[in-house]
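A short write-up of the structure that comes next.
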Amino acid sequence: MKKVLVVDDEWEFVKNFTEALKIFGYETYWAADGEGALNIIENKKPEIVLCDYRLPDMDGDKILEKTKKNHPEIKFAMVTAYYDEVVEKRLRDLGADEVIFKPINLSEIEKLLAKL
Amino acid sequence: MTFLAFTGLTIFLASLPLGLFVYYKNPKSSLNKAYLNLNLSITIYGISYFLWQISKNTGSQIFWFKILGIGIILIEPAFLHFVFNLTDKMQKKKNFLITCYGINLLFIYFNLSGLFYVGFIPKHNLGLWPIPSFIFSIYLAWWFFQVFYGFAYFLIGLKESVGIKHNQIKYCAIAGGIGFVGAVTNWPGWYNINFPPYLNILIALHVSVVAYAILRYQLMDIEVLIKKTLVFAGMFAFSFGVIVATVLITQDLLPQYFAISRRLSMAISILIIIFSLRPIENFLINITNKYLFQKKYEYKQILKAFIEEVITVLNLDEVVNSTLKLFDETLHPYTAGIFILNKAEDKYQLYGSFGLEEKNIALTSESKLITFLKNTKHPAVIKQINGIVGVNPEVSSEMASLKAVIVLPLTLHTDLIGFISLGRKKSDEEYAKDDLDVLLDLASTESIAIANAQLLTEAAQAERRAAIGTMAAGIHHEIGNPLNIMATRIQLFKLARQKGLFQGKSNEDILNEAESVLDDCLKQSGRISDTTKKLANFAKPSKEFKPELITVSQEIDEAMAVIGYDLELDRIKIKKEISSDSNKILADKHEAQQIFFNIIRNAAQAIEGVGTITIRVFTTSGGKVCVEIQDTGKGIPEDKKHRMFEPFFTTKGTKGTGLGLSIVRQLMWRNKGEISFKSQVGIGTTFILEFPKGE
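Protein chains in written order, with my numbering: chain A, 117 to 232; chain B, 165 to 859.
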């Protein structure tokens, strides 16, 4: 079973989202901030990271950079509420495998995760 | 002493000192020499006129009359001499003038030898008068010829001259006219026509005006002298009038009602004079100041005071109108206009004016005047002013179409944002160098005031846009996240059903699950609705300035609500220390929010990484409501502190417009508040806002 790390500070969202991911057949981990996320990445080595861009202690791009630097094999999808082509391009340049815009569509997520 | 004797004395007393004064002011000037020459002839005329009138025996009367004749004869060539000098015709007219002097010398001989006169007869109250000979009548024709010749050259000179010269000639011609009218009134007496030559006194006025015309543009102290002369003459005339009137009424007209002696009536008039002299003197000083001298220094004070004030005006119409009003009241120009650049059309449009009939005037950037102002950054003047060269004919014709003799550029940094046009002064005085100095100060302040006023309108909108921009990311977060939660929740419910996860569950359980989905959605929609309300409130268009009683701590909360998204996400801790006493102030609610929003946002932007903003509201020992906004940011370097409130100054590089603090300070002033700050590099900055208590 693939391990997916969800990084987001909105518990209401994470609660539902991780439940959906379980239905899709993934093992899920959750981090509410950047530090927690980097910890889990080091210790649990998830195959996929779904990371919100805005976090209480740092921006998602820092986590992306570190993850891709230390573990280039980990697939990284950035989730952001701020739709902007420039932002998307920048994130892809930084190494994001996918950029997902909120509000998310669960069936698209299912396809996307299968692809990663 | 008769009135005629008095006129002679006055002429003498005016012409000699003025002639010497003007001469010693500039002994090298041939014009000043010519004026002295003319005045010396008039002096001979005046003193001998006086002595002729007061002499008791026929011998001395005839003696002084012949000296008077020399004065009369000498005045004419001296007058021509002066006119040719004034109109720069000396070279051309040298031989003519020498001939004139020669002919007049001959007439002086005829005068002294008695060939002018057939005899002398006494006239009642007017002294001993001559009976002219035929030779004298020839001289009289020559006299008139010389007068008209002189005036002809005044006219030629007027036509050929501009500026100061033109005005000098104009005044001298007017003065000449006055003087000769006075002189002419003497002639009928010679031919036994009863016409008392009282207007002889006008010759004294003539010399004063000419002295004024020669010196007014160069010397200030001549004004003092003339003022004193006029005031003295006025007081003298008044005293003289009081004595004459009193004596006339008590002794001649109504002696039956006033059975008093001549001596007593003299005493009464002296009493009247003593009690009324001071008010009369003040009155005369006031009217000479008001109508002749315009109180130069005072108007400069007014301009300087205005310069300090206009910078605090925030409304463009008010800036322009108050400036025009100031010009109208101090400089008294015929016209004045303020032109402001319309960036969209690249034209300088007339924004406000007086004296200009056409209101819809616009100059393009390619026009000669604009090119001149842009290239030189100097004022454009039609005629040369001490050290400032007049503009070329192309520029001056454009200025003429604006009825302007001076155009002051309004520049900000290197941009020409507009210009001020000023027409001729109603007093006909030229603009002097010191006028221009004050006007240039005014123009540079006016530029800032106009730019500020313009930008305040733009900036109020831009600030709001920037604030909305600041919020944009936050709004995505604040609206996007709840939407995301709702969407995920609903999708999860559907997913569960699709995957058959509800199989085997009771309807009641499924309904409960559905209700929980709906509750979650309701909760999130409330979150979104809160956000949109705050946004709508902040984006409201600005209204008129309307002070009301507001509570500072509440307005800070309102401002914080808008800025909150940014701060929270930037990981800045907010500490509030609100003292329990009232913090109500009288201020415009919207502007107060703008002030707090700007200062708090600045504080947030000053903090790199993690930090704290402390907001304190308390009452000072002086009874003011004080708001302190302290950040733990990078602080302001010493060399930048004094520039913080300058418009367009920014420490934020390309991010800031630099308008924030200068506008905040203006908003503070408008709401009767004061703003200051203290800062230490590496420790942070504290802004201190003080308002008068509102209750």
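All C-beta atoms, glycine included, are put in the ideal place defined by N, C-alpha and C.
- As the crow flies, the alpha-carbon of Tyr-188(B) is around 26 Å from that of Ser-325(B).
- The continuous beta strand (DSSP E) containing Ser-843(B) extends over residues 838-844.
- By the criterion of at least three beta-carbon pairs nearer than 8 Å, the region 225-232 of chain A is not in contact with the region 195-205 of chain A.
- Contact between the region 795-806 of chain B and the region 839-855 of chain B is present, with at least three C-beta pairs closer than 8 Å.
- Among the residues facing chain A, Gly-775(B) is not included, as its CB has no counterpart in that chain under 9 Å away.
- Burial state of Glu-126(A) is buried, judged by a 10 Å Cβ sphere holding 16 or more other Cβ atoms.
- Excluding sequence positions up to five before and after Lys-287(B), its CB lies within less than 6 Å of the CB of Trp-293, all in the same chain and listed in chain order.
- Of the candidates Phe-491(B), Val-395(B), Ile-436(B) and Ile-413(B), Val-395(B) places its Cα closest to the Cα of Phe-447(B).
- Among the residues of chain A, those whose CB is under 8 Å from the CB of Thr-652(B) are Phe-129, Asn-132, Phe-133, Ala-136, Pro-219, Ile-220 and Leu-222, following chain order.
- Per DSSP, reduced to three states, the secondary structure at Glu-181(A) is helical.
- Using a C-beta cut-off of 8 Å, the region 402-415 of chain B makes no contact with the region 207-227 of chain B, since fewer than three inter-stretch Cβ pairs fall below that distance.
- For Leu-537(B) against Phe-583(B), the beta-carbon gap comes to about 6 Å, under 8 Å, which counts as contact.
- In the DSSP assignment, Ile-764(B) falls within the unbroken alpha helix (DSSP H) covering 753-770.
- DSSP links Lys-737(B) through a beta bridge to Thr-776(B).
- Residue contact check for Ala-660(B) against chain A: a CB pair falls below 9 Å.
- Comparing C-alpha distances from Phe-176(B) to each of Leu-269(B), Asn-364(B), Asn-259(B) and Val-411(B) shows the shortest one belongs to Asn-364(B).
- In terms of Cα proximity to Val-371(B), the closest of Gly-398(B), Cys-336(B) and Lys-197(B) is Cys-336(B).
- Straight-line spacing of the CA atoms in Ile-206(B) and Gly-343(B) works out to 11 Å.
- In the DSSP annotation of this structure, the continuous segment of the alpha helix (DSSP H) that includes Ala-316(B) starts and ends at 298-324.
- The DSSP-derived three-state label of Thr-578(B) is coil.
- The same chain holds no residue with a CB closer than 6 Å to that of Ala-305(B) once the five nearest residues on each side in sequence are set aside.
- Excluding its 5 nearest sequence neighbours in each direction, Ile-444(B) has C-beta neighbours in its own chain below 8 Å: Gly-398, Met-399 and Phe-402, listed in chain order.
- The beta carbon of Phe-359(B) is closer than 8 Å to those of Thr-349, Pro-352 and Gly-353 in its chain, skipping five residues each way along the sequence.
- Chain A places no beta carbon closer than 9 Å to that of Asp-673(B), leaving this residue out of the contacts.
- Per DSSP, the continuous alpha helix (DSSP H) segment holding Met-563(B) begins and ends at 557-565.
- For Ile-285(B), there is no enclosing alpha helix (DSSP H); the enclosing beta strand (DSSP E) has its first and last residue at 281-287.
- For Lys-663(B), the nearest beta carbon of chain A is closer than 9 Å to its own beta carbon.
- Taken atom to atom, the span from the alpha-carbon of Tyr-199(B) to that of Tyr-317(B) is near 16 Å.
- For Ala-212(A), no Cβ of chain B is located within less than 9 Å of the residue's own Cβ.
- With respect to the C-alpha of Leu-290(B), the residue from Thr-784(B), Thr-171(B), Ile-432(B) and Ile-320(B) having the closest C-alpha is Thr-171(B).
- Residue pairing by DSSP puts Lys-191(A) in a beta bridge opposite Ile-164(A).
- Bounds of any alpha helix (DSSP H) do not take in Leu-514(B); it lies within the beta strand (DSSP E) bounded by 511-518.
- Asn-539(B) and Ser-560(B) have their C-alpha atoms some 16 Å from each other.
- Contact annotation: in the region 139-170 of chain A, residues whose CB is within less than 7 Å of a CB in chain B are Ile-139 and Arg-170.
- A Cβ of chain B is located within less than 9 Å of the beta carbon of Glu-126(A).
- CA-CA distance, Asn-196(B) to Leu-184(B), rounds to 9 Å.
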